[in-house]
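Working notes, structure below.
Quick look at the structure:
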């Protein structure tokens, strides 16, 4: 007899493939010293390129004090929020002061998205998002709030362009309404995951205007804002926009997980369109607010502007160099592989369509299973809501020896796949 609730029994069915595989890989992750038979993880977006510098800095922070043993403020430590406000003002060269009263700290970006969906949406409401996308958002908005993601495919996917336009949200909104659903918001990810595209204000503003017309909230996720490549112009954050048509429904979110490679600290941030959103969300955030000691360590980290500037420069340089190397090595595996140019992030967005025996999601899955059986995890496009079969997201920001082993195995996997044939349906 099952002793768990119906909701608990159903939770596994609501997890996206990307989360299911993540939990599986975690149990048997490859390491060149500790687990040489494990799975090479090129599917989870983490950055190992500056880990020595990060560890050295964190080990230098010794700040235990009496306040750390008591309950934290459910909106986040005030001194940490003040420091983050100053950090964003410096980073994005803002000519105005951010208010810590409009900022809330929670358990990673997943915690932030869970809170936002709870306070802006009601049960069964949907949030529109451009696809392909980071499909763990599905779980983020459903686990607590019982909301759902509604996919709005980027344009020109068949030609590999993946164009963001207000048009996709107009079509998505109308389609959702025809299906009897109520959209409550739009999620924008900039820089984008998985394409690595960067969107300027002229692309974003028409979407904000349409959202205001429909009274939709807009959540702008800038989690890769500082992980842009060296040859790119400075990133234009939504915090720099001079005119936001519906500021109370427009929200900025960010996390330490990507730009500072501190996914284990579980620190996410929202700078909300209103203080009321933060005060309301604080009641729920008491369940998941990060510990005071973790917030205080991060506060000390972000108080050292000289170190921050040095780290960001080094990280961008290493990301740029590693991307170029891995991109070329992947293209060298097979002349039919095409890698779409990326401008930011940790991912190679690889077009393997010419390798498929048939251009179908079934065949993409068969290629994925062949690759996975050789001990490599990389995300197929269907895991990310891609409309075209044959695209794969490959994380390049792992340790060099891990990349070497993964690409060695990938070559073997592609050879096996190339020699196979399409299973008979007779």
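Residue numbers (our numbering): 325 to 750. C-beta: ideal position from N, C-alpha, C; glycine also.
Cβ-based neighbour list, residue i, same chain, cut-off 6 Å, excluding 5 preceding and 5 following
i           : result
residue 750 : Its pLDDT being 48, under 50, residue 750 is placed unreliably in this model, and the value from its coordinates should be taken loosely. None.
residue 620 : 387
residue 299 : No information on residue 299 is available, as it lies outside the stretch 325 to 750 that the chain covers here.
residue 522 : 515, 667, 668
residue 464 : 434, 437, 438
Endpoints, the alpha helix (DSSP H) within which residue i is located
i           : result
residue 654 : 629-657
residue 465 : 460-466
residue 559 : Taken as a continuous stretch (DSSP letters only), residue 559 belongs to no alpha helix (DSSP H), as it is neither H nor E.
residue 501 : 490-502
residue 604 : 599-609
residue 399 : Here residue 399 belongs to no alpha helix (DSSP H), and DSSP marks it neither H nor E.
Continuous beta strand (DSSP E) stretch holding residue i: start and end
i           : result
residue 347 : Premise fails: residue 347 lies in the alpha helix (DSSP H), 341-350, not in any beta strand (DSSP E).
residue 454 : 450-455
residue 507 : 507-513
residue 544 : 541-545
residue 476 : 472-477
Alpha-carbon to alpha-carbon, residue j and residue i
i           : j           : result
residue 485 : residue 479 : 7 Å
residue 665 : residue 373 : 20 Å
residue 378 : residue 459 : 28 Å
residue 518 : residue 341 : 15 Å
residue 582 : residue 329 : 35 Å
residue 647 : residue 586 : 20 Å
residue 369 : residue 744 : 30 Å
residue 474 : residue 454 : 9 Å
residue 732 : residue 726 : 10 Å
residue 681 : residue 695 : 15 Å
residue 412 : residue 434 : 20 Å
residue 457 : residue 468 : 20 Å
residue 737 : residue 659 : 16 Å
residue 746 : residue 697 : 17 Å
residue 530 : residue 502 : 23 Å
residue 742 : residue 711 : 23 Å
residue 492 : residue 392 : 47 Å
residue 554 : residue 383 : 28 Å
residue 708 : residue 714 : 12 Å
DSSP state of residue i mapped onto helix, strand, coil
i           : result
residue 574 : strand
residue 518 : coil
residue 552 : strand
residue 733 : helix
residue 417 : coil
residue 379 : helix
residue 436 : helix
residue 487 : strand
residue 388 : coil
residue 326 : coil
residue 409 : helix
residue 626 : helix
residue 723 : coil
residue 371 : coil
residue 333 : helix
residue 612 : coil
residue 564 : helix
residue 620 : helix
residue 529 : helix
residue 738 : helix
residue 536 : helix
residue 523 : coil
residue 584 : coil
residue 689 : helix
Other residues of its chain near residue i: CB distance less than 8 Å, five sequence neighbours each side excluded
i           : result
residue 663 : 651, 654, 655, 672, 673, 674, 675
residue 402 : 424
residue 443 : 601, 604, 605, 608
residue 657 : 731, 734, 735, 738
residue 396 : 613, 614, 615, 616, 619
Sheet register partners of residue i (DSSP bridge)
i           : result
residue 430 : 592
residue 675 : 662, 715
residue 700 : 364
residue 355 : 359
residue 668 : 552
residue 579 : 592
Spatial neighbours of residue i in its chain, beta-carbon cut-off 7 Å, leaving aside the 5 residues before and after
i           : result
residue 440 : 543, 575, 594
residue 589 : 580, 618, 622
residue 723 : 372
residue 606 : 398, 399, 428
residue 489 : 479
residue 381 : 625, 631
residue 422 : 409, 412, 413, 595
residue 407 : 623, 626, 627
residue 525 : 560, 565
Residue-chain proximity (residue i, chain B), Cβ-Cβ < 8 Å
i           : result
residue 474 : The chain inventory of the structure shown lacks chain B, comprising one protein chain alone.
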